[in-house]
Structure formats: C-alpha cells, structure tokens
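Below: one structure, written as structure tokens.
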Amino acid sequence: MNKNNKSNIKRLFTALILIAGISISSQVSAQKDLVKYVNTLQGTNSTYELSWGNTYPTTAVPYPMHAWSPQTGKNGDGWKYKYTATTIRGFQETHQCSPWVGDYGVFSLMPVLGKLVVGEEERALSFKHENEVGSPHYYKVKFDNGITTEMSPTTRSVHFRFSYPSTGDAYVVLDGYTKMSDVKIDPKNKRITGYVNNGAFVPKEFMNYFVIQFDKPFTAYGTWNNKDNQTVSGQLAASGAGVGAYVQFKQGVKVQVKVTSSYISHEQAMVTLQRELGNHKSLEDTKKAARNEWNTLLNRVLVEGGTEEDMTTFYSCMFRANLFSHKFYEEKENGEPYYFSPYDSKIYDGYMFTDNGFWDTFRSQFPLTNILHPTMQGRYMQALLDAQEQCGWLPSWSAPSETGGMIGNHAISLLADAWAKGIRTFDPEQALKAYAHEAMNKGPWGGANGRFLWKEYYQIGYIPYPESMGSTAQTLEYAYDDFCGYQLAKMTGNKFYQDIFGKQMYNYKNVYDPSVGFMRGRKIDGSWADFDPYEWGGPYCEGNAWHYTWSVFHDVKGLIALMGGDEKFVAKIDSVFSVPNTIKYGTYGTKIHEMLEMELAKMGQYAQGNQPIQHMIYLYNYAGQPWKTQYWIRQVMDRLYNGTENGYPGDEDQGGMSSWYVLSALGIYSVCPGTDEYVLGSPKFSKATITLENGNKFIIEANNNSKDNVYIRSASLNGNNHTRNFIKYSDITNGGVLKLEMSNQPEKNRGTALSDRPFSLSQK
Numbered sequence: 021m022n023k024n025n026k027s028n029i030k031r032l033f034t035a036l037i038l039i040a041g042i043s044i045s046s047q048v049s050a051q052k053d054l055v056k057y058v059n060t061l062q063g064t065n066s067t068y069e070l071s072w073g074n075t076y077p078t079t080a081v082p083y084p085m086h087a088w089s090p091q092t093g094k095n096g097d098g099w100k101y102k103y104t105a106t107t108i109r110g111f112q113e114t115h116q117c118s119p120w121v122g123d124y125g126v127f128s129l130m131p132v133l134g135k136l137v138v139g140e141e142e143r144a145l146s147f148k149h150e151n152e153v154g155s156p157h158y159y160k161v162k163f164d165n166g167i168t169t170e171m172s173p174t175t176r177s178v179h180f181r182f183s184y185p186s187t188g189d190a191y192v193v194l195d196g197y198t199k200m201s202d203v204k205i206d207p208k209n210k211r212i213t214g215y216v217n218n219g220a221f222v223p224k225e226f227m228n229y230f231v232i233q234f235d236k237p238f239t240a241y242g243t244w245n246n247k248d249n250q251t252v253s254g255q256l257a258a259s260g261a262g263v264g265a266y267v268q269f270k271q272g273v274k275v276q277v278k279v280t281s282s283y284i285s286h287e288q289a290m291v292t293l294q295r296e297l298g299n300h301k302s303l304e305d306t307k308k309a310a311r312n313e314w315n316t317l318l319n320r321v322l323v324e325g326g327t328e329e330d331m332t333t334f335y336s337c338m339f340r341a342n343l344f345s346h347k348f349y350e351e352k353e354n355g356e357p358y359y360f361s362p363y364d365s366k367i368y369d370g371y372m373f374t375d376n377g378f379w380d381t382f383r384s385q386f387p388l389t390n391i392l393h394p395t396m397q398g399r400y401m402q403a404l405l406d407a408q409e410q411c412g413w414l415p416s417w418s419a420p421s422e423t424g425g426m427i428g429n430h431a432i433s434l435l436a437d438a439w440a441k442g443i444r445t446f447d448p449e450q451a452l453k454a455y456a457h458e459a460m461n462k463g464p465w466g467g468a469n470g471r472f473l474w475k476e477y478y479q480i481g482y483i484p485y486p487e488s489m490g491s492t493a494q495t496l497e498y499a500y501d502d503f504c505g506y507q508l509a510k511m512t513g514n515k516f517y518q519d520i521f522g523k524q525m526y527n528y529k530n531v532y533d534p535s536v537g538f539m540r541g542r543k544i545d546g547s548w549a550d551f552d553p554y555e556w557g558g559p560y561c562e563g564n565a566w567h568y569t570w571s572v573f574h575d576v577k578g579l580i581a582l583m584g585g586d587e588k589f590v591a592k593i594d595s596v597f598s599v600p601n602t603i604k605y606g607t608y609g610t611k612i613h614e615m616l617e618m619e620l621a622k623m624g625q626y627a628q629g630n631q632p633i634q635h636m637i638y639l640y641n642y643a644g645q646p647w648k649t650q651y652w653i654r655q656v657m658d659r660l661y662n663g664t665e666n667g668y669p670g671d672e673d674q675g676g677m678s679s680w681y682v683l684s685a686l687g688i689y690s691v692c693p694g695t696d697e698y699v700l701g702s703p704k705f706s707k708a709t710i711t712l713e714n715g716n717k718f719i720i721e722a723n724n725n726s727k728d729n730v731y732i733r734s735a736s737l738n739g740n741n742h743t744r745n746f747i748k749y750s751d752i753t754n755g756g757v758l759k760l761e762m763s764n765q766p767e768k769n770r771g772t773a774l775s776d777r778p779f780s781l782s783q784k
C-alpha cells in the first residue's frame with residue numbers, strides 16, 4: 021500500500037471516529053436527565069399505624085439482586101427507615117419487599133468517629149434531611165459530627181465512600197444483624213469476608229456470602245457481637261449469633277469500600293465484585309454508570325407537559341415500579357446465569373426472580389413490566405415453572421422462598437397475561453398442570469399456597485364462611501384465576517384444562533346477594549352470613565363489601581347483569597364515593613392502617629390505599645359512561661399521590677401502587693390481566709412517548725390537557741377515529757400514536773356503544 025493510500029485511509033478512519041463520536045454524543049445529549057426528578061424518600065414517613073408508602077430510601081439499579089438503604093430502625097425492624105427519625109445506625113444491604121414480611125440476608129456498615137462504639141444504639145449518628153440526598157443512583161448524608169457517607173449501586177454490589185473529619189479516630193463497623201454470621205478480616209488485602217443467614221423465609225442452608233473491599237490500610241481491627249456489644253481487639257475471625265467486625269483507619273481519611281455478596285459462594289462474590297466494580301476506580305465512576313442506567317430506563321417513558329411536581333411524582337413512581345421482583349441469579353465469569361434455589365437449596369443454571377407478592381402486583385406492576393421489559397418477563401415466566409418444580413408449588417409471595425402470603429393463586433395470572441401479550445417462553449401445558457395442582461390442593465404455607473377448602477369450592481361453587489376467613493374474597497379471586505387458567509388453555513388449544521377451569525370461572529355469581537346488592541359471605545348450607553357493608557374482615561381480606569364487590573376482573577358485563585343493568589351498576593359505583601367513610605372494625609377488632617388510610621383519603625368508601633378496589637374506577641368504561649372514569653382517575657392521582665415523604669395513599673407494595681400511578685398517568689390500565697387489553701382513563705400529561713424494547717415508539721398525545729380538562733372529547737389511533745374505551749397490547753408494541761382531544765366538559769356521546777366496551781367473558 022502506498023503512502024497516499026495509507027494517508028487517505030487514516031483520514032477516513034479519523035473522520036469515521038469523529039462521526040461516531042458526534043453520533044454517540046448527540047444520543048447522550050438527547051437523553052434527558054430524568055433521575056433528578058426521582059425522590060427515593062417518597063413514602064418514607066410511615067409507621068406501623070399509618071402508611072404513606074412503607075418505603076425506604078432504596079439505592080439500587082433497576083431490578084437489582086441487592087439494594088442498599090440507610091437504617092434508622094433497630095436490627096430486625098421491618099420499618100428500617102422512618103422519615104421522622106433523627107439518627108442513622110447503619111447502611112444495610114436489603115432485599116425487603118414489605119415491612120410486614122421483613123428482610124433477609126442483611127448486614128450493615130456504619131462509620132464511627134473518635135471512641136470506638138459498636139452497639140447499634142451507641143453508634144447511631146444524628147442527621148438532618150437537608151444534609152441528605154436520596155436518588156436512585158446515589159445516596160449521601162452528612163452527619164452532624166462531620167462524617168459524610170456516600171453510596172452508589174450496581175446490580176449486586178455497592179460502592180461506598182466514608183469521609184471523616186481531620187481529627188478523631190476513624191472506624192467502620194460491620195454489623196452481622198440478626199441470627200448467625202461469620203467474619204474474617206484480611207489486613208494484608210484490606211478486606212473482610214464472611215456470611216449471614218438471617219431471614220424468616222430462608223432455607224436452613226441459605227448463606228449470603230459477602231466481600232467487603234477497602235482501598236485504605238487498616239491501623240487496627242477486631243471482632244464483636246451485637247448480643248452484648250463486646251469487642252475483641254486484634255481478632256481476625258469469629259462466628260456466631262450477631263458477630264461483626266470493625267476496622268480502623270488513620271484520622272481524616274476518605275476511604276472507598278466496594279461491597280458485594282453471593283448466595284452461592286465467596287468465590288462467586290469475588291467474581292461479581294470484579295465484574296461489576298473492577299473497572300470503577302472511584303465512586304464517581306459507579307455513580308455515573310448507575311445514573312446512566314436509570315436515565316436510559318426513565319427516558320423510555322418520556323412525559324411532557326406536566327408541572328415540576330407532576331414530574332417528581334411520576335418519575336419517583338417509575339423508579340419504584342422498576343425495582344421488584346429482585347434478580348436472584350448470579351453470573352459466572354463467562355457471564356452465564358446460575359442461582360442458588362431458595363426452594364430446594366440446590367444450584368441451577370438459568371434465571372430466578374424473588375421478593376414479590378403477586379396479590380399486590382398482578383394487577384398493575386406485571387402489566388406495566390410486560391410493556392417495558394418483555395425479555396425479562398419471558399425469563400421470569402420460565403423461572404416460575406422452575407420454582408414450582410423445585411418446591412412443588414407455584415410461588416405466590418416469595419421472600420426469597422415461598423411464604424404463601426395473602427390470598428389467590430395469581431401466578432397463573434402472570435403466565436396467562438404473558439402468553440396473551442405474545443411472551444411465550446414457557447410450556448403452557450406445564451403451566452396449566454402446575455396451576456391445576458395449585459387449584460386442587462392446599463399447600464403447607466399461608467393463604468395463597470394452594471387453596472383452603474378447595475373441595476368445597478368445587479362442590480358448592482364458593483368458599484364457605486366462617487370456615488375460612490376471607491372466604492368471599494377467596495371465591496372472587498379463585499374465579500378470576502380459574503378464568504386465567506381457562507384463558508391460557510383456550511389460547512393454546514388445550515381443551516382438557518379449558519373444560520376444567522371453565523366450570524369455575526363464573527363462581528363469583530354464587531357470592532352475590534341481590535337483596536343487598538353486594539358480594540357477601542355465604543355459609544356452607546347456602547344461607548347468607550350476617551352482613552354489614554361497612555364491616556371489615558370476616559369474609560373479606562383487608563377490606564369490606566364496598567371494596568370486594570368489584571372483583572370480577574374477567575366478567576364485568578356479568579357483574580353488571582347481576583346488579584340489574586348499566587344504570588344501576590353506575591349508580592352503585594357512584595355511591596362508593598358518596599357514602600360516608602364509615603369504618604367498622606369487624607373481625608379485626610381494631611383500626612388497621614388500611615382503614616385509617618381510607619379515612620384520610622376522604623373519598624367515601626373508595627380505598628386506593630389497598631389493592632382490591634384499585635380497578636373499580638375503570639369499570640365505568642364497561643357501562644357506557646367512560647367520562648366518569650376520566651374524572652375520578654384524575655381526582656385520585658391529584659389528591660392521593662405526590663413525590664414527598666407522604667407520597668402514597670397506602671403501602672407501595674413492590675411497585676404495585678407506583679405502577680398503578682404510572683399506567684394511570686399514561687392514560688391506560690390493565691383491568692383484566694390475561695387479556696391483551698388496556699382500558700383507557702385520562703392521561704396526566706399532554707404527551708407521553710413510550711419506547712419499546714423493539715425500538716418502536718408509542719405516543720399518547722392529550723391536546724389541551726390540564727387540571728380541568730380531564731375529559732376525552734375525541735380520540736384517534738394512528739389517524740383513525742377511535743371510539744373504543746381500550747387499546748390492545750399490540751397497538752403499543754407495534755408503535756403508533758393515540759391522539760386525544762381533552763375538554764373540561766364530559767363528552768357523553770363518545771365510547772358509549774356496546775362495541776366500545778372492554779373485554780368481558782359474558783357475551784350478553
């Protein structure tokens with residue numbers, strides 16, 4: 021090659037690099053900084069008595085294996101962070117999906133200045149919220165004594181920086197939390213390794229193997245235990261209940277700490293640490309990577325036309341909608357996934373996900389995730405069936421093994437919904453067989469592990485009361501789940517299971533009493549139990565008759581018929597908001613937090629703070645009055661959600677409450693998972709652009725949208741007049757434009773035809 025050709029090639033190569041650089045730069049600059057709107061302290065002003073979210077300042081990337089949080093509560097307290105607290109006692113690795121279930125695999129680090137104190141009460145440091153930053157990619161607090169703690173996450177690791185004042189001895193204390201722990205201090209490599217095995221729902225073989233890598237040498241070290249807070253100076257290793265460690269550094273140090281853990285081995289933890297943080301020389305590297313990861317995700321749902329407060333609420337909810345379920349798989353050196361099973365304690369290749377209660381999330385979080393993360397959902401559906409093979413039951417609430425929490429058998433809802441939306445990564449016959457086992461047996465765990473009184477359910481068509489507390493709620497949710505089994509069987513041509521589940525999916529009719537106009541507890545002899553629609557508990561779960569009467573997700577048309585037609589049905593929904601917010605404790609015997617949250621909402625018997633009634637407002641669409649859906653959805657969003665520490669009207673519940681808001685703010689909601697429809701509401705923003713995994717964009721434009729202009733005057737989908745009160749999943753994933761013209765007056769001639777109504781099982 022001659023010199024001129026070499027020179028030309030070099031110039032061409034340089035030009036290509038410049039073009040590529042410009043292209044990449046323009047892509048980065050085109051991406052909006054939406055992380056700035058996320059407040060991870062949203063919903064943290066919560067207590068046992070009243071939940072404004074029951075959240076903690078989660079520091080994590082999307083769908084992590086481990087998250088991190090400051091700890092204000094005592095070891096073992098489900099309320100690990102309370103906004104009203106004035107001290108922090110540690111920074112925890114956390115997997116907690118609900119304070120009511122608790123945490124597992126926890127250990128914590130805490131900086132100490134001056135005299136060495138190790139006990140959680142003694143080492144706690146005072147702080148002020150104005151000296152605290154709570155963002156998804158970065159948490160920072162400057163304590164009143166001058167220590168600054170910063171942390172930034174990866175999927176399975178965290179990067180700390182502890183900055184100490186120039187005077188006073190500098191320590192980091194490792195707390196082994198509750199139950200057994202083990203520590204080994206390696207001064208030569210500036211490292212602590214060990215394990216913890218705490219948690220209420222972990223197998224006895226469970227170990228969370230941690231590696232804590234410091235970048236500064238130790239000047240002293242030792243072990244301690246949190247039972248009597250006794251320290252042993254110079255000891256390199258210890259094992260036992262509540263065992264921890266401490267290390268000392270020179271005064272005025274800034275020490276970086278890289279932390280990770282593995283459920284498989286210390287060796288895997290070292291692999292993970294290198295894979296995720298090996299190239300991050302400083303905390304800023306980790307911060308930048310985590311911020312980019314969140315911004316990439318948040319920009320996939322780009323909303324415009326709202327106030328700064330609206331943006332904070334929306335993107336704070338988007339953040340929480342993309343945390344659960346947690347990844348429970350790890351990656352080998354070659355990147356292949358494998359995991360320790362929380363169900364049978366064996367090691368398997370493939371994917372596993374945990375930390376989710378499906379009663380909370382089948383209604384909103386999974387339908388949103390099917391839009392944003394279909395690849396992950398496909399892996400998840402196969403993981404459900406793998407879990408069933410490993411423990412004998414489909415999960416209902418894993419944390420990380422099966423707890424059996426709440427009611428219903430909603431794994432089948434996830435499976436049917438995925439299949440209906442084209443996510444077909446699993447064997448449907450295996451899924452149906454697993455569900456049949458679930459529906460015709462009772463498992464060893466809680467109310468959602470198999471079915472209480474399943475024989476009676478098949479024989480008499482409902483769960484009797486008082487033989488089962490929550491019986492009416494169980495009957496309604498079993499009927500819906502049986503529809504999902506029927507639906508999956510129908511979609512896959514499995515007539516055997518279609519016939520089996522098709523016989524039970526109308527069982528909701530057996531607990532509706534037309535004489536009172538509500539779903540009602542029914543005795544085993546067929547007679548009705550005592551009834552008061554304001555009374556909580558008894559045949560209902562965390563609610564009353566006003567809340568559960570609407571739990572016929574799959575056959576709203578059938579429910580309308582039971583109530584006597586459209587007008588009576590609409591009047592009944594109207595009355596939910598107009599009747600007093602009277603509370604009768606019923607079998608609870610005391611005011612539980614869900615009651616107080618409904619009372620504070622001041623919307624009659626409407627209880628957005630819990631799941632059972634959250635779909636009800638969308639049911640106006642099924643009875644020819646969609647404008648009432650549009651009005652009330654905006655009322656709930658405006659009155660009951662915000663981006664502050666009081667941000668939610670009740671428990672956030674693994675993204676369930678947040679996903680309801682995200683979907684509703686976009687103007688859509690999945691009333692009946694297991695079908696391919698999203699019902700229309702009233703979008704919060706004038707424009708939303710959803711970028712799908714396949715690169716397509718679905719745009720929702722709401723022209724003239726405002727706080728007053730909540731009503732849809734007209735609609736078009738891809739330029740065609742759209743009178744239907746729903747869109748299909750394929751409308752979204754294929755890309756296109758849903759254009760809405762908004763008004764401050766209801767348009768009572770749009771969306772009122774029978775053909776405009778969303779899916780119902782009944783045809784008449």
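Residue numbers (our numbering): 21 to 784.
Glycine is no exception: its CB is placed at the ideal position from the N, C-alpha and C atoms.
The structure displayed is predicted, hence computed values, not measured ones.
- Query: Among GLU562, PHE386, LYS160 and HIS635, which one has its Cα closest to the Cα of ILE603?
  - Reply: The sequence position of residue 603 within the sequence shown is 583, counting from 1. The shortest C-alpha separation from ILE603 is found at GLU562.
- Item | CA nearest to the CA of ASN249, picked from GLY122, TYR124, GLU140 and VAL132 | Residue mapping note: residue 249 aligns to position 229 of the sequence shown, counting from 1. Proximity to ASN249 across GLY122, TYR124, GLU140 and VAL132 peaks at GLU140, based on C-alpha coordinates.
- Task: Tell me whether TRP244 sits in a helix, a strand or coil according to DSSP, three-state version.
- Result: Residue numbering aside, residue 244 sits at position 224 when the sequence shown is read from its first letter. Residue state, collapsed to three classes: strand.
- Item | GLN625, buried or exposed, once every other Cβ within 10 Å from all chains shown has been counted against 16 | To locate residue 625, count along the sequence shown from 1; it is residue 605. Label assigned to GLN625: buried.
- Query: Just checking, does the region 533-544 make contact with the region 455-468 on the three C-beta pairs under 8 Å criterion?
  - Reply: no
- Message: For the ligand SAH, is there any heavy atom lying closer than 7 Å to the beta carbon of GLU713?
- Response: Within the structure as shown, the ligand SAH is missing, as the structure has no ligands at all.
- Which first and last residues belong to the beta strand (DSSP E) in which TRP88 is found? Position 68 of the sequence shown, counted from the first residue, corresponds to residue 88. Taken as a continuous stretch (DSSP letters only), the beta strand (DSSP E) holding TRP88 covers 87-91.
- Message: Alpha carbons only, please: which of SER365, GLN655 and HIS346 is nearest the one belonging to GLU7?
- Response: For the chain, the structure presents residues 21 to 784; residue 7 sits outside this window and is missing.
- Query: If you count every other CB in all the chains shown that lies within 10 Å of the CB of ASP673, and 16 or more means buried, which is it?
  - Reply: On the sequence shown, position 653 is the one that residue 673 refers to. Of the residues assessed, ASP673 falls on the buried side of the cut-off, its CB having 16 or more other CB atoms within 10 angstroms.
- Message: Considering just the uninterrupted stretch of the alpha helix (DSSP H) at GLY676, what are its terminal residues?
- Response: Sequence index remark: in the sequence shown, residue 676 carries index 656 (1-based). Per DSSP, GLY676 belongs to the alpha helix (DSSP H) from 676-686.
- Would a check of beta-carbon distances place GLY701 closer than 8 Å to chain B? Judged by its chain identifiers, the structure shown contains no chain B, having just a single protein chain.
- Alpha-carbon to alpha-carbon, MET623 and GLU614: As a first step, residue 614 must be located in the sequence shown, where it is residue number 594. As a first step, residue 623 must be located in the sequence shown, where it is residue number 603. Approximately 14 Å between the Cα atoms of the pair.
- Message: Only counting the same chain, and skipping five residues up and downstream in sequence, which positions put a Cβ closer than 7 Å to that of SER186?
- Response: What you label residue 186 is simply residue 166 of the sequence shown in a count that begins at 1. Within the same chain, SER186 has close Cβ partners GLN271 and GLY272.
- Task: Give the single residue among THR60, SER71 and GLN62 whose Cα lies nearest to the Cα of MET618.
- Result: Locating residue 618 in the sequence shown gives position 598, counting from the first residue. For MET618, the nearest C-alpha among the options comes from SER71.
- Message: Taking the alpha carbon of SER89 as the reference point, which residue from THR107, GLY73 and PHE111 has its own alpha carbon closest?
- Response: Walking along the sequence shown from the start, residue 89 turns up at place 69. For SER89, the nearest C-alpha among the options comes from PHE111.
- Task: Grab the span of the beta strand (DSSP E) containing ASP594 for me, first residue to last.
- Result: Residue mapping note: residue 594 aligns to position 574 of the sequence shown, counting from 1. Where ASP594 is concerned, there is no enclosing beta strand (DSSP E), although the alpha helix (DSSP H) it sits in stretches over 586-598.
- Going along the chain, which unbroken runs of the beta strand (DSSP E) with 3 or more residues stay wholly within the region 182-243? 190-195, 200-206, 211-216 and 228-234
- Opening and closing residue of the alpha helix (DSSP H) in which ILE580 lies: Residue mapping note: residue 580 aligns to position 560 of the sequence shown, counting from 1. Element bounds for ILE580: 576-583.
- Message: Buried or exposed, going by whether 16 or more other CB atoms sit within 10 Å of the CB of TYR605?
- Response: Your numbering for residue 605 matches position 585 in the sequence shown. TYR605 comes out exposed.
- Task: Assuming ILE480 and THR495 form a contact by the criterion Cβ under 8 Å, report the distance between their Cβ atoms to the nearest whole angstrom.
- Result: Position 460 of the sequence shown, counted from the first residue, corresponds to residue 480. Position 475 of the sequence shown, counted from the first residue, corresponds to residue 495. Not a contact, Cβ separation roughly 10 Å.
- Query: Which parts of the region 265-337 are runs of the alpha helix (DSSP H), unbroken and 4 residues or longer, counting only runs that do not cross its ends?
  - Reply: Under the rule that a run must span 4 or more residues, the alpha helix (DSSP H) segments found entirely inside the region 265-337 read 286-297 and 303-318.
- Query: By the 10 Å Cβ neighbour count, where 16 or more other Cβ atoms means buried, how is THR316 classified, buried or exposed?
  - Reply: The count along the sequence shown starts at 1 and reaches residue 316 at position 296. Under this definition THR316 is an exposed residue.
- Query: Taking the alpha-carbon positions, what's the GLY522 to TRP566 distance?
  - Reply: If you number the sequence shown from 1, residue 522 lands on position 502. If you number the sequence shown from 1, residue 566 lands on position 546. If you take the alpha carbons of GLY522 and TRP566, they lie about 27 Å apart.
- Query: When the Cα atoms are used, what is the spatial distance from PRO766 to THR649?
  - Reply: Along the sequence shown, read from residue 1 onward, the residue named residue 766 stands at position 746. Along the sequence shown, read from residue 1 onward, the residue named residue 649 stands at position 629. Those two C-alpha atoms are separated by around 11 Å.
- To the nearest angstrom, how far is it from the Cα of ASN725 to the Cα of TYR661? Stepping through the sequence shown from its first residue, residue 725 is reached at position 705. Stepping through the sequence shown from its first residue, residue 661 is reached at position 641. Straight-line Cα distance between these residues: approximately 19 Å.
- May I ask you to verify whether the region 179-199 touches the region 156-168, counting CB pairs closer than 8 Å and requiring at least 3? yes
- Item | 7 Å CB neighbourhood of GLY154 in its chain, flanking five on each side removed | Numbered from its first residue, the sequence shown carries residue 154 at position 134. Closer than 7 Å at the Cβ level, and outside the excluded window around GLY154, lie ASN59, THR60, LEU61 and PRO77.
- Enumerate in chain order the residues of its own chain whose CB-to-CB distance from TYR608 is below 7 Å, with the five nearest sequence positions on each side excluded. Taking the first residue of the sequence shown as 1, we reach residue 608 at position 588. Closer than 7 Å at the Cβ level, and outside the excluded window around TYR608, lie TRP556 and GLY557.
- Between the beta-carbon of TRP379 and the beta-carbon of ILE427, is there less than 8 Å? If you number the sequence shown from 1, residue 379 lands on position 359. If you number the sequence shown from 1, residue 427 lands on position 407. In this structure, ILE427 lies closer than 8 Å to TRP379 by Cβ.
- Message: Relative to the C-alpha of VAL279, which candidate in GLY687, GLU721, LEU297 and ALA468 has its C-alpha closest?
- Response: On the sequence shown, position 259 is the one that residue 279 refers to. When only C-alpha atoms are compared, the closest one is LEU297.
- Of all the alpha helix (DSSP H) runs that stay within the bounds of the region 503-574, which reach a length of 4 or more residues? 515-522 and 565-568
- Task: Taking HIS742 as the reference, give the member of ASN527, ALA407, GLY771 and GLY715 with the closest Cα.
- Result: Taking the sequence shown and counting its residues from 1, one reaches residue 742 at position 722. Nearest option by C-alpha distance: GLY771.
- Query: Taking the beta strand (DSSP E) that ALA261 falls in, what are its first and last residues?
  - Reply: Translated into positions along the sequence shown, residue 261 becomes position 241. It spans 257-261 - the beta strand (DSSP E) in which ALA261 sits, taken as one unbroken run.
- Integer Cβ distance of GLY578 from LEU781, believed to fall under 8 Å: By 1-based counting over the sequence shown, the position of residue 578 is 558. By 1-based counting over the sequence shown, the position of residue 781 is 761. Contact flag correct, Cβ pair sits at about 6 Å.
- ALA105 versus LYS148, ILE432, VAL121 and GLY63, residue with shortest Cα-Cα distance: In the sequence shown, the residue the question calls residue 105 occupies position 85. The option with the nearest alpha carbon to ALA105 is LYS148.
- Could you have a look at PHE446 and say whether DSSP puts it in helix, strand or coil? Within the sequence shown, the letter at position 426 stands for residue 446. Correct three-state label for PHE446: coil.
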